[in-house]
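Engineer: Line order of the protein sequences matches chains A and B. Sequential numbering of the first sequence, starting at 1, is according to the working numbering. Sequential numbering of the second sequence, starting at 1, is according to the working numbering. Let me begin by handing over the structure; questions about it come next.
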Amino acid sequence: DAKTTQPPSMDCAEGRAANLPCNHSTISGNEYVYWYRQIHSQGPQYIIHGLKNNETNEMASLIITEDRKSSTLILPHATLRDTAVYYCIVSLDNYGQNFVFGPGTRLSVLP
Amino acid sequence: NAGVTQTPKFQVLKTGQSMTLQCAQDMNHEYMSWYRQDPGMGLRLIHYSVGAGITDQGEVPNGYNVSRSTTEDFPLRLLSAAPSQTSVYFCASSLTGGGPYNEQFFGPGTRLTVL
């Protein structure tokens with residue numbers, strides 16, 4: 001069974017915040033939540049990851065609910081270049097058989 | 001740093017041919033992985049390595065071999081190419097396997113077509 005559930009697609013207006021949800025109700029206490037994105041046919045790009053606390057970097061913010069069963073990736077001011085497939089991954093490690101890419105969410109940023 | 005490099009960028013093979021996809025990283029990363037991505041799908045893990053001399057199978061290892069003789073290189077060998085191996089292949093590396101420093105760096109991919 002998939003460890004994460006994401007909507008298959010979302011739209012966002014350019015300049016607005018993009019909020020991408022991810023459900024991971026079976027997450028264990030020491031598993032991280034990772035977010036990657038893949039622009040067109042390029043290799044995936046790391047965005048952010050977190051364990052319990054909310055995290056922010058220059059690309060995005062990650063909000064993890066207190067029970068850790070879901071999270072939201074926030075792109076504060078989406079641009080056309082943020083159009084991509086976004087993957088939410090739950091794993092203890094950042095490699096190996098537990099680091100599974102699902103189908104992700106295809107985000108389209110519209111002008 | 002060049003990061004993760006992959007060669008070739010494109011390759012066309014005939015069924016039954018063999019070839020090696022090259023992957024190299026110059027970041028002194030211990031962990032390296034090979035993924036394949038079929039059209040409209042997510043990435044699937046083929047093989048991975050946690051250091052020189054150590055490799056393990058991923059989700060879809062059949063038809064592929066790997067070795068890790070140096071920290072920098074992690075080649076993927078197709079033993080006898082089949083049309084089902086038509087895909088885009090990505091190599092990735094990371095400094096550590098977990099904890100707070102968790103970024104995997106991906107190469108640009110090799111687009112393989114098997115006729």
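Backbone N, C-alpha and C define an ideal beta-carbon position, used for all residues, glycine too.
1. So, for L43 (chain B): in the same chain, excluding its five sequence neighbours on each side, which residues have a beta-carbon less than 6 Å away from its beta-carbon?
2. Roughly how many angstroms separate the alpha carbons of L115 (chain B) and I39 (chain A), rounded to a whole number?
3. Buried or exposed, going by whether 16 or more other CB atoms sit within 10 Å of the CB of F10 (chain B)?
4. For S33 (chain B), which of A:H49, A:P111, A:N98, A:P76 has the nearest alpha-carbon?
5. Leaving out five residues on either side along the sequence, give the residues of the same chain with a beta carbon under 6 Å from the beta carbon of N23 (chain A).
6. At which residues does the beta strand (DSSP E) containing V114 (chain B) begin and terminate?
7. I'd like to know if V88 (chain B) contacts chain A, where contact means its C-beta is closer than 8 Å to some C-beta of that chain.
8. So, with DSSP's three-state summary, where would you put S84 (chain B)?
9. Could you tell me whether the Cβ of H94 (chain A) comes closer than 8 Å to any Cβ of chain B?
10. When we look at the beta-carbon of G40 (chain B) and count the other beta-carbons within 10 Å, is it buried (16 or more) or exposed?
11. What residues in the region 51 to 72 of chain B bring their beta carbon closer than 7 Å to a beta carbon of chain A?
12. Can the beta-carbon of L107 (chain A) be found less than 8 Å from the beta-carbon of A18 (chain A)?
13. If you draw a straight line from the alpha carbon of G51 (chain B) to that of S94 (chain B), how long is it in whole angstroms?
14. Given that P8 (chain B) touches chain A, what residues does it touch there, using C-beta distances under 8 Å?
15. Given that a residue counts as buried once 16 or more other Cβ atoms are within 10 Å of its Cβ, and exposed if not, what is P44 (chain A)?
16. Is there a C-beta anywhere in chain B that falls below 8 Å from the one on Y87 (chain A)?
17. Is any beta-carbon of chain B found at less than 8 Å from that of P103 (chain A)?
18. Output, in chain order, the set of chain D residues within a Cβ distance shorter than 7 Å of G43 (chain A).
Structural biologist: Let me lay it out:
1. Y35, Q37
2. 27 Å
3. exposed
4. A:N98
5. T5, S70
6. 110 to 114
7. yes
8. DSSP places S84 (chain B) in helix when its eight states are reduced to three.
9. Residue 94 (chain A) is actually Asn in this sequence, not His. Closer than 8 Å: yes.
10. So G40 (chain B) counts as exposed.
11. Listed by position, the residues of the region 51 to 72 of chain B near chain A (Cβ gap below 7 Å) are G58, E59.
12. yes
13. 11 Å
14. The contacting residues do not exist; P8 (chain B) stays about 15 Å from chain A at best.
15. buried
16. yes
17. yes
18. No chain D is present in this structure, whose protein chains are A and B.
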